[in-house]
Amino acid sequence: MAARDNKCQRCHASICCNYFTQALDTPRSKADFELLLWQISHQHAEIYKDSDGWFLLINSTCLHLQQDGTCGIYTQRPQICRDYSNDYCEFDAPATDGFDLYFKNYASLLDYCRQRFKTWGR
């Protein structure tokens with residue numbers, strides 16, 4: 586546990602506390618991609634696909650993150666935070682290195698939709 590704590594202590598950007606992801610059903614139809622376009626139309630929203638599937642990524646700093654990068658509720662933090670493993674994390678390499686597809690905004694996803702569905706917008 587000490588090595589894990591030390592790794593977090595060396596990560597001054599607190600990268601993992603500045604976003605969260607939500608698993609998405611694999612989009613297959615135009616209607617599925619319309620939903621993704623709606624989701625990515627919101628501020629701080631991105632979408633990616635990696636070996637584990639499709640995810641909505643929300644760039645939003647945890648309210649409990651202190652200015653020094655520590656957790657303000659560490660002893661009472663949610664179970665998902667307790668379960669988080671930093672054996673391999675963004676301190677080691679950017680998460681984007683493992684993305685198969687990455688959509689930072691509406692325009693990039695719309696371009697993908699137009700390529701995937703030749704009749705998109707007709």
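Just so you know, the sequence shown maps onto residues 586 to 707 in the numbering used here.
Beta carbons are placed, not taken as given, at the ideal position from N, Cα and C, and that holds for glycine.
The structure presented is a predicted model; accordingly, all values stated were derived computationally and were not measured.
Element boundaries [alpha helix (DSSP H), containing residue i]
i	result
LYS689	LYS689 -> no alpha helix (DSSP H), and no H or E assigned at all.
TRP623	615-625
Pick from the options that is closest to residue i, judged by C-alpha positions
i	options	result
HIS562	ILE658, PHE605, TYR659	Because the chain here runs from 586 to 707, residue 562 falls outside it and cannot be looked at.
ARG624	ALA678, ARG662, GLY657, LEU642	Here the sequence assigns Gln to residue 624, which means Arg is not the residue at that position. Nearest of ALA678, ARG662, GLY657, LEU642 to GLN624, Cα basis: LEU642.
SER626	PHE702, ARG701, LEU694	LEU694
ALA598	PHE618, LYS634, ASP653	ASP653
Alpha carbon of residue i to alpha carbon of residue j, nearest angstrom
i	j	result
ARG699	GLY706	8 Å
ASN644	ILE632	11 Å
ASN671	CYS601	9 Å
CYS711	PHE676	With the chain covering only 586 through 707, there is no way to say anything about residue 711.
LYS689	TYR659	31 Å
GLN651	GLY657	6 Å
ARG662	THR655	12 Å
CYS674	LYS592	10 Å
TYR691	ASP617	14 Å
PHE702	TYR687	18 Å
Sequence-distant residues of its chain with Cβ nearer than 8 Å to residue i (five each side left out)
i	result
SER715	Lying outside 586 to 707, the shown extent of the chain, residue 715 is not represented and no answer is given.
Terminal residues of the beta strand (DSSP E) in which residue i lies
i	result
ASP635	630-635
ALA608	604-609
Nonlocal neighbours in the same chain, by C-beta distance under 6 Å from residue i, ignoring five residues either side
i	result
CYS647	CYS602
TRP639	LEU609, THR611
GLN594	none
Contact with chain B by residue i, beta-carbon distance below 7 Å
i	result
PHE618	No chain B is present in this structure, which holds just one protein chain.
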